[in-house]
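Below is one structure, written out as structure tokens; comments come after it.
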Amino acid sequence: MAPKRLKVGHKQPDIRAFTVPRKSVPGTSCNTPGKQPEPQTPTCTPLRVKNEDGGDYVVSRLHHFTVKLSPSDQKEYYIDCDQPRTVLEAIKSTLSTHEKMPTCADENIIIQMGKEDRESILATHFPCTCVPDGESLIISCKSEKVEVLEERDAEVHPQDKYSVFYIDTVGGLNTKTKDLFRSKISKQYKKLCVYGVKGITVKEALTRDGRFMSLGEFELSDNENPNLLTLCTQKVDNLHQKTFKICLPLNKRQGIEKSTRSMSEVMSQSGKSVKRAMQERGSIDIEEIHELLRQQFPDLKRLMECKFPEGSYQKQLNLRKENFGKIQQAFSEVHRIKTLLEMGKSVCKVIVENVRQGTGFVLFDNFILTNAHLFKGCMKGNELKGHIKVHALFNYEKPEPDISYFHFIVKSLINFDTELDYAVLELEPEGQKLNKQKNTKNIKVPPGLLGKLGPKPENGEACIIGHPAGGVKKIDSTCIIEPEKRVQAVNDHLARYLDTMMVVQIINQIKDQGIEEIFMGGDKEDVSTYHTYMYHGASGSPVFDAHGQLFGLHTAGFYYEFVEKNSVIEYAQPILAIFEKFVLDLKTSGNIQILDRVKELVTDNEKLKEILEVEPMEEE
1 MAPKRLKVGH KQPDIRAFTV PRKSVPGTSC NTPGKQPEPQ TPTCTPLRVK
51 NEDGGDYVVS RLHHFTVKLS PSDQKEYYID CDQPRTVLEA IKSTLSTHEK
101 MPTCADENII IQMGKEDRES ILATHFPCTC VPDGESLIIS CKSEKVEVLE
151 ERDAEVHPQD KYSVFYIDTV GGLNTKTKDL FRSKISKQYK KLCVYGVKGI
201 TVKEALTRDG RFMSLGEFEL SDNENPNLLT LCTQKVDNLH QKTFKICLPL
251 NKRQGIEKST RSMSEVMSQS GKSVKRAMQE RGSIDIEEIH ELLRQQFPDL
301 KRLMECKFPE GSYQKQLNLR KENFGKIQQA FSEVHRIKTL LEMGKSVCKV
351 IVENVRQGTG FVLFDNFILT NAHLFKGCMK GNELKGHIKV HALFNYEKPE
401 PDISYFHFIV KSLINFDTEL DYAVLELEPE GQKLNKQKNT KNIKVPPGLL
451 GKLGPKPENG EACIIGHPAG GVKKIDSTCI IEPEKRVQAV NDHLARYLDT
501 MMVVQIINQI KDQGIEEIFM GGDKEDVSTY HTYMYHGASG SPVFDAHGQL
551 FGLHTAGFYY EFVEKNSVIE YAQPILAIFE KFVLDLKTSG NIQILDRVKE
601 LVTDNEKLKE ILEVEPMEEE
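For the sequence shown, the UniProt record's numbering gives the first residue as 1, with consecutive numbering after it.
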């Protein structure tokens with residue numbers, strides 16, 4: 001099913017008064033080391049890395065570092081940095097099968113640099129090219145998450161492309177009551193070693209690091225000269241090998257009494273936005289903000305009010321609560337729950353090591369389906385780059401320290417499409433369990449859901465099974481929003497901010513993400529839309545209807561930041577359109593073996609049999 005194009009002369013939905021058309025963006029075999037070998041000079045193997053033009057060039061220097069598998073371990077092991085990858089990838093490539101190698105999740109791993117007691121720690125995604133030659137590392141496993149996997153560049157660059165600096169775990173000015181780190185374990189060490197590609201800002205580097213809390217605006221004070229400050233918006237280029245403390249601004253509400261300038265005076269002097277003016281003035285005068293909003297956006301309030309006359313917003317809210325009750329009732333029947341739980345066994349957490357994570361499910365045999373955008377920056381042509389490692393984690397239903405889950409290594413990428421945002425991956429046939437005390441033989445991929453594929457319903461109940469935020473498997477029941485009601489659903493959501501300045505900022509954010517493409521006549525009108533709490537990490541989740549048919553691939557949403565991340569509306573790609581494209585690509589590429597296997601498995605599904613009969617069009 002080809003996406004519908006924008007109809008000529010079609011009446012534009014009212015939300016488009018604030019939007020312009022944009023493209024939408026998407027909501028671990030190694031030798032077991034023996035006893036400590038005598039130190040030897042490693043053989044120099046050429047190291048190929050990417051230059052700025054995308055080509056390869058050779059770095060002849062090979063360096064190594066040593067690692068201890070626990071602070072109390074007396075043995076150290078040589079680790080070669082012979083290709084561009086992260087420090088944890090380098091360690092795993094050599095010691096993954098070692099009996100003392102930590103088996104916890106990557107987010108729970110601490111890597112200490114140096115032999116001094118608790119001197120500094122690295123992120124697991126720290127480039128091995130930046131680890132000093134001959135450096136000593138100590139790896140240990142903690143009971144809680146130390147870092148959170150954020151989206152980051154999948155490419156590891158040469159050492160000279162990075163700036164490496166240190167953040168003191170003792171905070172600077174105005175940080176006594178502020179949590180700076182995601183885990184208190186970080187404060188047991190003196191410094192956090194941070195890196196950033198030259199050209200990015202300090203704030204970007206700390207955000208991508210994954211070990212810091214959201215700090216807002218902050219400054220760095222040089223430990224050698226505390227009066228020398230670096231703004232968070234400045235580039236990291238000049239921070240190399242320096243140590244800093246994080247400093248926070250005073251509470252902006254302090255000094256409100258001292259401010260005598262009006263909001264309009266602040267704005268008129270520099271033409272700044274309402275938000276910037278409020279921040280500089282330090283006070284919040286709601287009536288003055290309203291007046292400024294009416295001046296800058298004269299049609300906004302009138303348009304929003306016409307959508308909810310005479311208290312109709314509360315009526316819409318009550319109706320939504322009533323519909324949600326019906327949804328809960330539909331998915332509370334025992335036979336539906338049993339069906340969903342059984343199919344949920346085929347849902348997995350997809351981990352693109354040190355890049356990002358999402359969700360997927362078994363399509364058939366040892367092939368899984370997920371979103372293509374999980375592999376952004378990880379592709380070379382139609383294949384995954386050589387250093388990219390992908391895992392599928394099944395049965396991840398209980399939080400750690402439970403390790404009853406098992407995982408499979410992705411063997412190859414079979415098929416993908418960026419327009420429909422899907423990727424089909426082939427798994428290695430044998431899985432592995434992290435709990436080595438239990439039987440780890442004959443672990444097979446769970447059953448596929450190919451036979452459950454069906455058409456998308458126009459309305460009614462829906463259920464999503466996935467791993468939001470990379471956590472344990474969860475289920476969310478929701479209601480499908482029909483295409484003609486999507487504008488109304490967005491307006492419903494925005495109405496709660498009608499009397500605040502946030503409505504303008506939210507509109508700008510969702511406008512930049514191309515929200516109008518899912519409206520009537522838009523390029524993505526054929527997607528299924530709904531509301532769900534499953535945000536990042538749930539991309540690639542299967543979406544089921546009330547009858548247990550799999551009709552969609554949960555793909556993305558339109559998000560905004562207000563205290564925390566929220567979503568206006570989310571959508572799923574139609575699964576039959578994905579299946580059709582997958583089959584046509586198999587025919588075009590001549591992959592008869594997989595195509596014949598698909599035909600064997602869909603004999604009882606009339607819709608899929610019809611799609612299999614479609615032949616690819618010949619190009620003139």
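The beta-carbon is built from N, C-alpha and C at its ideal position, and this holds for glycine as well.
| task | List the endpoints of the continuous alpha helix (DSSP H) containing R336. | result | V334 to G344
| Reference S120; option with closest CA among R597, P84, F361 and C193 | C193
| task | Would you decide whether R261 is buried or exposed? Buried here means 16 or more other CB atoms lie within 10 Å of its CB. | result | Here the model assigns R261 a pLDDT of 37, short of 50, so the residue's position is not dependable, and the following value carries that caveat. Under this definition R261 is an exposed residue.
| Can you name, in chain order, every residue of its own chain whose Cβ lies under 7 Å from the Cβ of R85, other than the five neighbours on each side? | C128, V156 and H387
| field | Limits of the alpha helix (DSSP H) - the one that K115 falls within | value | Segment: none, K115 is in no alpha helix (DSSP H) and carries neither H nor E.
| task | Give me the Cβ distance between A462 and V568, rounded to the nearest whole Å; I'm assuming they're in contact under 8 Å. | result | About 17 Å separates the two Cβ atoms, so there is no contact after all.
| message | Does the CB of E610 have a neighbour CB from chain C at under 9 Å? | response | The chain inventory of the structure shown lacks chain C, comprising one protein chain alone.
| message | If you follow the beta strand (DSSP E) that V352 is in, where does it begin and where does it stop? | response | V347 to V352
| With 16 other Cβ atoms within 10 Å as the buried cut-off, status of H547 | exposed
| task | Can you tell me the Cβ-Cβ gap for I185 and V146, rounded? I've got them flagged as a contact below 8 Å. | result | 6 Å
| query | Just checking, does the region 414-426 make contact with the region 567-585 on the three C-beta pairs under 8 Å criterion? | reply | yes
| task | Locate the alpha helix (DSSP H) running through L149, then write down its first and last residues. | result | First-last for L149: undefined, no H or E at that position.
| query | How many angstroms separate the CA atom of R336 from the CA atom of F364? | reply | 22 Å
| Nearest candidate by alpha-carbon position, reference G344, set E458, N395 and Y189 | N395
| request: Could you name each continuous beta strand (DSSP E) segment of 3 residues or more that falls completely within the region 528-606, going from the start of the chain to the end? | output: 528-530, 542-545, 550-562 and 564-574
| Does the Cβ of P446 have 16 or more other Cβ atoms within 10 Å, making it buried, or fewer, making it exposed? | buried
| said: Report the CB separation of L393 from I443 in whole angstroms; it is logged as a contact under 8 Å. | reply: 12 Å between Cβ atoms; not a contact.
| Coarse secondary structure for E484, derived from DSSP in three states | helix
| said: Considering only their Cβ atoms, is the gap separating T201 from T243 smaller than 9 Å? | reply: no
| message | Let me confirm a value: P468 is counted as buried when at least 16 other C-beta atoms fall within 10 Å, else exposed. Which label applies? | response | buried
| said: Helix, strand or coil, according to DSSP, for R496 in the structure here? | reply: coil
| the region 85-98 contacting the region 121-140, beta-carbon criterion three pairs below 8 Å | yes
| Do S539 and T370 have their C-beta atoms within less than 9 Å of each other? | yes
| request: Would you kindly check if the distance between the Cβ of L215 and the Cβ of L173 is under 9 Å? | output: no
| query | CA-CA distance, E76 and E400? | reply | 28 Å
| Since L550 and L449 are thought to touch, with beta carbons under 8 Å apart, how far apart are those beta carbons, to the nearest angstrom? | 5 Å
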